[in-house]
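Residue numbers (our numbering): -10 to 300.
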Amino acid sequence: MFSVVIPLYNKGPHIRETLDSVLKQTHCPLEIIVVDDGSTDDGPAIVSTYADRGVRLVSQSNQGVSVARNTGVTHASGDYVAFLDADDRWLPNHLQVAWHLVTEYPSAALLTTAHLIERENRTFRPRSTFPNGWEGIVPDFFSSYAQGLSLVNSSAAIVRRDALDSVGGFPQGVRRGEDIIVWVNLALNYPVAHAAVFTAIYNQQAVNRAEGIVETEPPGSLQHLCALMQQQAGSPQQQRGIRRLFDSIAFFTAAGFCLNGDRTGATAIKRLSILCHRYKLAFSIAVLTLFPRSFLKIARRYRHQQVVGGG
């Protein structure tokens, strides 16, 4: 049923814990595929030690996470693909909850669960549209996603393989937000099921999670959403949701850039907002670039509202 696909690039310090979390699932996966995207550390060697436990290593030259995920899907034999980043982990219930969603909502092409965030030795619950324990088909995906980006995380997403193939898989050559493009494309064409149950842990402090590179272009996800707005893609309800999602991602991404001292990236997002006729948003981002970095920490606390553990 579930093929697990893990893209790997220089995550040697984390991959063992990640694989152990998959092997501890109460619902066993059909297969576990790790795609090494040209790592230069000991990550692939660590994965090789799991061969006798059913973990398959596929190697390729460095081509980016989208190509690595697509390679994993190509090698997968399951009807559903469960993605997991090589520095994140699953709680033991992840695939069991996914199985429940599959059986209850077979029309859904994208199945998602809630996740926790680890950062600075603390655990956070990201903002969510749905109360704990809620499950079902998401009635207005784009507006819900805009209210709480925790609705979909790449390490807590399960995709029906035929649907993923129909939208062209993960886009190549996209910098930042390539996974969001896939979730958006799936939600435009298929139902999305969600269970507001914590099943995954996103490691925000992992090595090479953020590289400190100054951005000169907006993230690919925002460029894709802008194109959808210009095309008036989807139903009127979806169009409204896409606008809200664009605004949410644009503002918080620009805030993150400013927090990291990257005013160039924030300015690029402001220009794209003007191109998409989101003038109030563009003004808000322009004001944002004037604030000192210390003040912008408020935006980070807003996104990761509730501390649930750690010291």
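In this text, a Cβ means the ideal position worked out from N, Cα and C, and glycines have one as well. In this text the structure is predicted, and so the values were computed from the model without any measurement.
Below 8 Å on the Cβ atoms is my contact criterion, and I expect residue 57 with residue 24 to pass it. Report the Cβ-Cβ distance as a whole number of Å.
Between residue 24 and residue 57 the Cβ distance is about 4 Å, and since that is below 8 Å, they are a contact.
How far does the beta strand (DSSP E) with residue 99 in it extend, from its first residue to its last?
Per DSSP, residue 99 belongs to the beta strand (DSSP E) from 99 to 108.
Where does residue 260 sit, in a helix, a strand or coil, going by DSSP?
In the structure shown, residue 260 sits in a helix (DSSP, three-state: H, G or I).
Measuring straight from C-alpha to C-alpha, what distance separates residue 49 and residue 269?
Spanning the two alpha carbons is a distance of roughly 44 Å.
Can you tell me whether residue 121 is helix, strand or coil according to DSSP?
Residue 121: coil per DSSP, three-state reduction.
Which residues in the same chain as residue 265 place their Cβ atom closer than 6 Å to its Cβ, once the five residues preceding and following it in sequence are excluded?
For residue 265, where only same-chain residues beyond five positions count, the Cβ hits under 6 Å are 215 and 218.
Identify which residue in 109, 125 and 115 has its Cα closest to the Cα of residue 89.
Answer by Cα proximity: 125.
Who does residue 225 pair with in a DSSP beta bridge?
Partner(s): none; residue 225 has no beta bridge.
CB residue 83 to CB residue 185, shorter than 8 Å?
In this structure, residue 185 does not lie closer than 8 Å to residue 83 by Cβ.
Assign residue 65 to one of three DSSP states: helix, strand, or coil.
DSSP places residue 65 in coil when its eight states are reduced to three.
Nearest to residue 63 by alpha carbon, out of 154, 108, 134 and 75?
The candidate whose alpha carbon is nearest that of residue 63 is 154.
Under the rule that 16 or more other beta-carbon atoms within 10 Å means buried, what is residue 9, buried or exposed?
When all chains shown are included, residue 9 counts as exposed.
What would DSSP say about residue 272, mapped onto helix, strand or coil?
Here residue 272 sits in helix by DSSP.
What would DSSP say about residue 51, mapped onto helix, strand or coil?
Correct three-state label for residue 51: coil.
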